[in-house]
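Visitor:
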């Protein structure tokens with residue numbers, strides 16, 4: 001016997017948590033890390049902009065791309081989303097200034113987590129010919 005639950009309340013909760021997380025990261029970057037800047041002599045300020053952007057992209061783009069992933073046969077939007085996030089994580093040029101020791105391992109772990117969450121998040125295949133699954 002399956003439990004029938006509407007998705008709308010969970011959607012509102014997920015969006016509220018995403019907004020709260022982005023606000024907390026913004027406050028953390030401004031108050032505790034010294035502010036935000038696109039161009040500055042202090043590379044940590046540039047790094048703070050990247051951190052905020054990564055959190056916003058994780059909360060919004062990835063959630064939208066994972067739903068599109070199930071409906072598009074070529075999965076182009078998902079690939080673009082992953083490329084965008086991995087590009088934003090490409091802070092290797094500021095790695096020494098930002099004290100990122102093993103940056104390649106962090107990117108590999110995050111990429112693996114995205115792939116696993118995408119595969120796990122897919123439901124069972126539907127009965128029609130128009131649905132696609134990760135496996």
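Residue numbers (the numbering used here): 1 to 135.
Every residue gets a Cβ at the ideal spot worked out from N, C-alpha and C, and that includes glycine.
1) Could you give the residue range of the alpha helix (DSSP H) that holds residue 21?
2) Do the region 4-23 and the region 35-42 meet, that is, are 3 or more Cβ pairs less than 8 Å apart?
3) CB-CB under 8 Å to residue 52, same chain, minus the five flanking residues each way: which ones, in chain order?
4) Residue 45: which of 55, 34 and 54 sits nearest, CA to CA?
5) Please name the residue in 48, 19, 20 and 43 whose C-alpha comes closest to that of residue 32.
Guide: Judging by the given coordinates:
1) 8-27
2) no
3) Within the same chain, 22, 25, 26, 29 and 36 come within 8 Å of residue 52 by CB-CB distance, once the 5 residues on both sides are set aside.
4) 34
5) The shortest C-alpha separation from residue 32 is found at 48.
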